[in-house]
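Position one of the sequence shown corresponds to residue 485 (my numbering), numbered consecutively onward.
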Amino acid sequence: MRKVDIIIVGGGIAGLTAALYTSRQNLKTIVITMDIGGQLLITSEIQNYPGFKSISGLELARKV
485 MRKVDIIIVG GGIAGLTAAL YTSRQNLKTI VITMDIGGQL LITSEIQNYP
535 GFKSISGLEL ARKV
């Protein structure tokens with residue numbers, strides 16, 4: 485059995501962002517999801533996401 489510190493359920497933008505931050509803290513993190521990106525992949529424009537003034541959902545998923 486693998487031991488992890490954090491289990492994140494859902495691979496949408498919230499789950500991916502949570503995984504990014506927990507990984508930065510050197511916590512062993514696993515994301516459980518059917519598809520990475522969720523609704524993010526079909527979103528044409530996201531405004532004011534931290535670090536980006538405007539970005540497409542697909543591009544943000546690739547960067548996160």
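From the three backbone atoms N, C-alpha and C, an ideal C-beta is built for every residue, glycine too.
**Request:** Apply the 10 Å Cβ neighbour rule to I526 and answer buried if 16 or more other Cβ atoms are within range, or exposed otherwise.
**Result:** Sixteen is the threshold: since fewer than 16 other Cβ atoms of the shown chains lie within 10 Å of the Cβ of I526, the residue is exposed.
**Element boundaries [beta strand (DSSP E), containing I490]** = According to the DSSP assignment, I490 belongs to the beta strand (DSSP E) that extends over I490 to V493.
**Prompt:** Measuring CB to CB, does L504 end up less than 9 Å from L524?
**Reply:** In this structure, L524 does not lie closer than 9 Å to L504 by Cβ.
**Residue range of the beta strand (DSSP E) that includes I539** = For I539, the enclosing beta strand (DSSP E) stretches over residues F536 to I539.
**Asked** Per DSSP, T506 forms a beta bridge with which residues?
**Response** Looking at the DSSP assignment, T506 forms no beta bridge with any residue, so it has no partner.
**Request:** Report yes if the C-beta distance between I497 and V515 is below 9 Å; otherwise report no.
**Result:** Contact flag unset, no.
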